[in-house]
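UniProt numbering puts the last residue of the sequence shown at 307; the count rises by one with no breaks.
Yeah, the Cβ is synthetic: ideal placement off N, Cα and C, and Gly gets one too.
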Amino acid sequence: MRSESPATPPGTVKYPGRRHAAAASREKGDAKLFSGFAHVALAVWGILVIAPLIWVILASFKSNTEIFTAAPFSLPSKISFETYKTAWTEAHIGRYFLNSVFVVGLSTAGTMIFGSMAAYVLARYKFFGNRAIYYLFVSGLAFPVFMAIVPLFLILQNLNLLNTYTGLILVYIAYSLPFTVFFMTAFFKTLPNQIAEAAIVDGASHTRLFFQVMLPMARSGLVSITIFNIVGQWNQYLLPVAIMQGAGADQKWVLTQGIANISVSAGYQANWAALFAALTLSILPMILVYAFFQRQIQSGLTAGATK
């Protein structure tokens with residue numbers, strides 16, 4: 001015969017929630033362990049990124065002897081801005097810095113004007129060929145820049161735009177448009193239609209609707225993509241080398257070309273401290289820009305996912 005399970009003695013209380021509590025405790029422990037590993041990985045990554053920057057800044061205040069004989073992260077024997085003065089005047093980094101500010105400022109403004117207008121039309125208006133034009137822009141993201149160097153050179157040569165700021169600015173705009181259109185199209189799609197419809201009912205034209213209603217609403221996205229364009233164009237080297245060449249080109253070089261010229265032209269007599277001072281002058285503006293607009297960049301990148 002089959003034996004029956006004994007009955008629960010009177011007065012015994014079961015606690016079915018204990019298993020759930022134990023499971024929740026184990027999950028909490030696993031989450032803490034994973035969080036700990038993540039923090040360690042972030043700390044290691046942060047050290048790998050910050051250490052070279054600190055070394056460059058320290059080396060910019062040292063002499064050539066100190067750079068090669070002292071410990072890498074040792075403090076300089078004396079704090080002097082003579083190397084920065086040398087880099088700014090004798091190596092003409094000041095001129096190249098101002099050239100970069102001029103070129104990047106105009107090209108970023110042009111990129112944001114044309115890119116935001118194209119993205120707005122592609123995101124908010126339906127017409128024949130809309131998707132084709134959008135995918136044509138997006139395909140530029142997968143096209144390596146170095147593959148377009150020869151066609152760009154020939155086009156600018158035929159237009160007499162070689163070794164001109166105009167040619168470089170137009171190329172920078174074309175180089176930055178694909179990502180700008182891709183990013184802003186997705187952002188404009190997240191904006192509510194009710195406000196645009198109310199503005200149209202009130203008699204707003206398409207131009208007024210775009211500049212006075214939609215652009216202010218897309219401010220966080222505009223700030224984010226503007227910073228990305230500034231950093232990308234500021235660090236560009238291949239395009240200026242291909243375009244800014246010829247008679248008097250060294251007067252129109254941008255900062256990356258000037259820094260490269262310091263490192264290759266001096267041979268064995270290189271002034272490494274001045275080179276690191278020039279690098280510091282090129283790095284610090286981008287760090288300050290990103291640090292100042294950090295919150296706007298983060299809000300712009302996450303706005304599309306939260307709306």
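Identity of the residue in the options nearest residue i by Cα
i, options, result
"Ala242", "Trp45, Phe146, Leu275, Phe68", "Phe146"
"Met117", "Lys252, Gln294, Gln245, Thr207", "Thr207"
"residue 308", "Phe37, Ile169, Tyr135, Leu281", "Absent from the model: residue 308. The displayed extent of the chain is 1 to 307, so no value can be given."
"Trp234", "Asn99, Ala218, Phe183", "Asn99"
"Leu191", "Tyr175, Leu209, Asp202", "Leu209"
"Val231", "Met244, Ala291, Ala91, Ser263", "Ala291"
"Leu275", "Pro72, Thr86, Val49, Ile47", "Thr86"
"Ala91", "Phe293, Tyr125, Gln251, Asn160", "Gln251"
"Ile287", "Val49, Ile149, Lys32", "Val49"
"Asn229", "Gly167, Ala109, Leu284", "Ala109"
Supposed close pair residue i, residue j - CB separation, criterion 8 Å
i, j, result
"Ala273", "Ala59", "7 Å"
"Asn163", "Gly246", "4 Å"
"Tyr135", "Thr185", "Actually they do not touch by this definition, with Cβ atoms about 11 Å apart."
"Ala260", "Tyr237", "7 Å"
"Tyr175", "Leu239", "7 Å"
"Ala196", "Val213", "7 Å"
Test item: CB-CB of residue i and residue j under 7 Å
i, j, result
"Gly258", "Leu177", "no"
"Ala277", "Thr83", "yes"
"residue 315", "Ser224", "The chain is shown only over 1 to 307; residue 315 falls outside these bounds and no answer can be derived."
"Ala119", "Phe37", "no"
"Ile93", "Thr280", "no"
"Val254", "Val44", "no"
"Val138", "Phe182", "yes"
"Phe61", "Ile79", "yes"
"Trp55", "Pro72", "yes"
"Phe293", "Ile227", "yes"
"Leu156", "Gly167", "yes"
Limits of the alpha helix (DSSP H) - the one that residue i falls within
i, result
"Gly167", "165 to 189"
"Lys85", "82 to 89"
"Met112", "93 to 124"
"Gly232", "219 to 234"
"Ile287", "272 to 292"
"Val254", "Neither: Val254 is in no alpha helix (DSSP H) and is coded neither H nor E."
"Phe153", "149 to 158"
"Ser139", "130 to 139"
"Ala199", "193 to 201"
"Gly72", "Checking the sequence, you will find Pro at residue 72 rather than Gly. Taken as a continuous stretch (DSSP letters only), Pro72 belongs to no alpha helix (DSSP H), as it is neither H nor E."
"Val241", "238 to 243"
heavy atom of the ligand HEM below 6 Å from residue i C-beta
i, result
"Gln212", "The model on display carries no ligand, and the ligand HEM is accordingly not part of it."
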